[in-house]
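Chemist: Got a structure for you, written out below as C-alpha cells; questions coming shortly.
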Amino acid sequence: MANVTLAVTMTAALLGAGTGCHLVSSAKDAIPAHRLDPSLFDCPRESMVPISYAALGQERPPQHLIGAGDTLSVFVFGVFPANEEETPVQQRSQAINQRYYPPRGTVVGPTTGLPIRVDERGMLELPLVGALSVAGKTIPEAVDVIRKAYGEKQVLKAGSERISVDLIVPRVRRVVVLRQDTPDPRVALVPPQANAEIHRGSGEVIDLPIYENDVLHALAATGGLPGTDAARELYVIRREAAENTAFMNAEMLQTLATSGSNPNIIRIPLAVTPCETVTIPPASTILHDGDVVFVPQRHEYFVTGGLLPGSRIALPRDEDIDVIEAIAMATGSAGGPLGLSGAVLASGNPGYICEATRVKILRKLPDGRQLAIRVDLDRAMTDPKERIRILPDDVVLVHQKPAQSFVNTTMNWLGGQWIPNAFILNGNDD
1 MANVTLAVTM TAALLGAGTG CHLVSSAKDA IPAHRLDPSL FDCPRESMVP ISYAALGQER
61 PPQHLIGAGD TLSVFVFGVF PANEEETPVQ QRSQAINQRY YPPRGTVVGP TTGLPIRVDE
121 RGMLELPLVG ALSVAGKTIP EAVDVIRKAY GEKQVLKAGS ERISVDLIVP RVRRVVVLRQ
181 DTPDPRVALV PPQANAEIHR GSGEVIDLPI YENDVLHALA ATGGLPGTDA ARELYVIRRE
241 AAENTAFMNA EMLQTLATSG SNPNIIRIPL AVTPCETVTI PPASTILHDG DVVFVPQRHE
301 YFVTGGLLPG SRIALPRDED IDVIEAIAMA TGSAGGPLGL SGAVLASGNP GYICEATRVK
361 ILRKLPDGRQ LAIRVDLDRA MTDPKERIRI LPDDVVLVHQ KPAQSFVNTT MNWLGGQWIP
421 NAFILNGNDD
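The numbers in UniProt numbering rise by one with no breaks, and the one at position 28 of the sequence shown is 28.
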C-alpha cells in the first residue's frame with residue numbers, strides 16, 4: 001500500500017511539473033478584462049472619420065494678385081517693344097512639373113506683349129518710366145499703373161493708349177514631399193505575420209503654383225492620400241526648423257508638434273475621433289519655398305506568444321480587433337478539441353483534449369507602466385465585455401488554465417505510456 005501511495009504521489013508531482021510550460025501562475029495577478037472600462041484606453045479606430053480634405057487647401061482670390069516671381073507679358077504700343085507697329089504675339093509654353101501641374105506639363109495659349117519678370121521687390125522695369133510697383137495688384141490694376149506712369153511722363157497721348165498685361169507663368173513654391181508609405185501598384189495577398197520590415201519610401205521635389213501651394217495639392221502631386229502602411233497624419237516642417245530637426249524621428253516630431261514648443265513643426269491629422277477636437281488653421285496648410293511635407297510610416301503592431309506562434313502582427317489601420325480576432329489573425333485556435341493543430345497526433349498522443357482558454361495581455365500605459373489583463377475565452381464567447389480591444393504594442397499570450405493543463409498533461413502522459421504498448425500487443429496478436 002505504501003508503494004502504491006508513493007507511486008501516485010510521484011506521478012502527481014511529475015504531472016504537476018509537466019504543466020509548467022502550458023500555464024503561467026502570474027495570471028492571477030492580472031485584471032479581468034470585463035472589469036475594465038473601455039473608455040480608459042484610446043478611442044475606437046472604427047469611430048474615426050476623415051477630415052474635410054478641402055481644409056488642406058486654400059481659398060483662391062477672385063483675380064490673380066501679382067507678386068515677385070511672376071512672368072508677365074507687357075505691351076505698350078510704340079514703347080515696349082520700340083518701333084513695333086503690330087502687337088507681338090507670344091506663344092506661351094512652359095514646363096512646370098511633368099507629373100503634376102498643369103495637365104501634360106505645359107500651358108499653351110496666346111498672349112500679347114513681351115515677357116518680363118517681376119523682380120524680388122515686386123517691381124517691373126519698363127522703358128522711360130523705370131521701376132513700377134505692381135506687387136499685390138491685379139492685372140487690370142497693373143494696366144492702370146503703367147498707363148498712369150506713361151501719362152505722367154507724357155509719353156502716351158491720353159485716351160489713345162494701347163496697353164495690355166497678361167500672366168504667362170505664375171510664381172511657384174518649391175517644396176519637398178517625403179513619404180514613408182510604399183507606392184507599389186502590385187496587389188498581393190500576404191499572411192498577417194509577414195511584416196514588411198524592408199520598407200522603401202519615396203521623395204519628390206515639386207513646384208506648386210501660387211494659390212495651389214498647399215498640402216492638398218502636394219499630396220495630389222505625389223500619389224494621393226497616405227496608404228494603409230502610413231499613419232493617418234502628416235507633418236509640415238518649415239524651412240526655419242531645419243537647424244533643430246536634423247536628428248529627429250517621427251516620435252520626436254510628434255512630441256514637438258503636440259507640445260507646441262516648435263511652431264515650425266505642424267502636425268495635421270487626416271482622421272479624427274469623437275475624443276479629439278482638431279482645428280486646422282488655414283496658414284498651417286500653405287507651403288513656402290523650402291518647406292517639407294513628411295508622411296510617416298505606421299508602426300502599430302501586437303505580439304503573440306505562449307501557445308500561439310510567436311509573431312509580430314500589424315494592426316489594421318481603420319478597424320478595431322478584439323482578442324478573439326487577434327488569436328485568429330495569429331493563425332491560432334480559440335477553440336477546438338486539438339488546440340493549435342492536429343500535428344500533435346503524429347506522436348500518437350491525444351493532444352489538447354481541453355483547449356487553452358486563458359489569455360494574458362500585457363499592455364503598455366502612456367506613463368511607461370505595464371498593465372496585465374486576464375481574458376477568459378469561454379466567457380468571451382458570450383460576454384462582449386470580455387472581448388477587449390487590442391491596442392498597439394500589446395503582447396497577447398495564450399495559456400491553459402491549471403485544470404486544463406493537468407487534464408491534457410495527464411492524458412498525454414497516459415497516452416504515451418499505454419497507447420504504444422496497446423499497439424505492440426495488438427501486433428503480437430497478429
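Virtual Cβ for every residue (Gly too), placed ideally from N, Cα, C.
#1: Can you find at least 3 beta carbon pairs, one from the region 68-82 and one from the region 30-44, that sit closer than 8 Å?
#2: For residue 431, which of helix, strand or coil comes out of DSSP?
#3: Taking the CB atoms as reference points, tell me whether Asp214 and Thr285 lie closer together than 8 Å.
#4: What residue does the beta strand (DSSP E) around Asp378 start on, and which one ends it?
#5: Thinking C-alpha only, which one of Ile139, Gly203, Leu308 is nearest Val165?
#6: Would you kindly report the start and end of the unbroken alpha helix (DSSP H) that includes Ser47?
#7: In whole angstroms, what separates the C-alpha of Thr357 from that of Arg267?
#8: What did DSSP end up calling Thr138 once you bin it into helix, strand or coil?
#9: DSSP state of Glu240, grouped into three classes?
#10: I'd like the span of the beta strand (DSSP E) that includes Val176, first residue to last.
#11: Looking at the unbroken beta strand (DSSP E) that takes in His217, where does it start and where does it end?
#12: Considering just the uninterrupted stretch of the alpha helix (DSSP H) at Ala328, what are its terminal residues?
#13: Please report how far the alpha carbon of Ile324 lies from the alpha carbon of Leu362, in whole angstroms.
#14: So what does DSSP say about Ser39, is it helix, strand or coil?
#15: Contact defined as beta carbons within less than 8 Å: I believe Val236 pairs with Ile206. What is the distance between those atoms, to the nearest angstrom?
#16: Quick check on DSSP: helix, strand or coil for Asp228?
#17: Do you know offhand how far Glu212's Cα is from Ala158's?
#18: Hey, quick one: how far does the alpha helix (DSSP H) through Pro282 stretch, first residue to last?
#19: What do you get for Pro50, buried or exposed, if any count of 16 or more other CB atoms within 10 angstroms of its CB means buried?
#20: Quick one: is Glu386 buried, meaning 16 or more other Cβ sit within 10 Å of its Cβ, or exposed?
#21: Does DSSP put Glu386 in a helix, in a strand, or in coil?
Modeler: Once the coordinates are examined:
#1: no
#2: For residue 431 there is no data in the structure shown, the boundaries of the chain being 1 and 430.
#3: Numbered from 1 along the sequence shown, position 214 holds the residue referred to as residue 214. Numbered from 1 along the sequence shown, position 285 holds the residue referred to as residue 285. In contact: Asp214 and Thr285 (Cβ atoms closer than 8 Å).
#4: Start at 1 with the first residue of the sequence shown, and residue 378 comes out as number 378. First-last for Asp378: 377-380, but that is the alpha helix (DSSP H), not the beta strand (DSSP E).
#5: If you number the sequence shown from 1, residue 165 lands on position 165. Per the Cα distances, Ile139.
#6: Taking the first residue of the sequence shown as position 1, residue 47 is located at position 47. Per DSSP, Ser47 belongs to no alpha helix (DSSP H) and is neither H nor E.
#7: The residue given as residue 357 occupies position 357 in the sequence shown. The residue given as residue 267 occupies position 267 in the sequence shown. For Thr357 and Arg267, the distance between alpha carbons rounds to 42 Å.
#8: Along the sequence shown, one-based indexing puts residue 138 at 138. Reduced to three states, the DSSP call for Thr138 is coil.
#9: Position 240 of the sequence shown, counted from the start, is the residue given in the question as residue 240. Here Glu240 sits in helix by DSSP.
#10: Locating residue 176 in the sequence shown gives position 176, where the first residue counts as 1. Looking at the DSSP string, the run of the beta strand (DSSP E) that includes Val176 is 172-179.
#11: Residue numbering aside, residue 217 sits at position 217 when the sequence shown is read from its first letter. From DSSP, His217 is part of no beta strand (DSSP E) but of the alpha helix (DSSP H) over 215-221.
#12: The residue you call residue 328 lines up with position 328 of the sequence shown. Residues 323-329.
#13: Start at 1 with the first residue of the sequence shown, and residue 324 comes out as number 324. Start at 1 with the first residue of the sequence shown, and residue 362 comes out as number 362. Going from the Cα of Ile324 to the Cα of Leu362 covers about 16 Å.
#14: Taking the sequence shown and counting its residues from 1, one reaches residue 39 at position 39. In this structure, Ser39 counts as helix in the three-state DSSP scheme.
#15: Within the sequence shown, residue 236 is the residue found at index 236, counting from 1. Within the sequence shown, residue 206 is the residue found at index 206, counting from 1. With 8 Å as the limit, Val236 and Ile206 do not qualify as a contact, their Cβ atoms being about 14 Å apart.
#16: The residue labelled residue 228 in the question sits at position 228 within the sequence shown. Position check: residue 228 holds Thr in this sequence, whereas Asp was assumed. Reduced to three states, the DSSP call for Thr228 is coil.
#17: Walking along the sequence shown from the start, residue 212 turns up at place 212. Walking along the sequence shown from the start, residue 158 turns up at place 158. Rounded to whole angstroms, Glu212 to Ala158 spans 39 Å at the Cα level.
#18: As a first step, residue 282 must be located in the sequence shown, where it is residue number 282. Annotation for Pro282: the continuous alpha helix (DSSP H) segment containing it runs 282-285.
#19: Within the sequence shown, numbered from 1, the residue matching residue 50 stands at position 50. Exposed, because fewer than 16 other Cβ atoms sit within 10 Å of the Cβ of Pro50.
#20: Walking along the sequence shown from the start, residue 386 turns up at place 386. By the 10 Å Cβ count, Glu386 comes out buried.
#21: Taking the sequence shown and counting its residues from 1, the one referred to as residue 386 is at position 386. Of the three classes helix, strand and coil, the one that applies to Glu386 here is helix, per DSSP.
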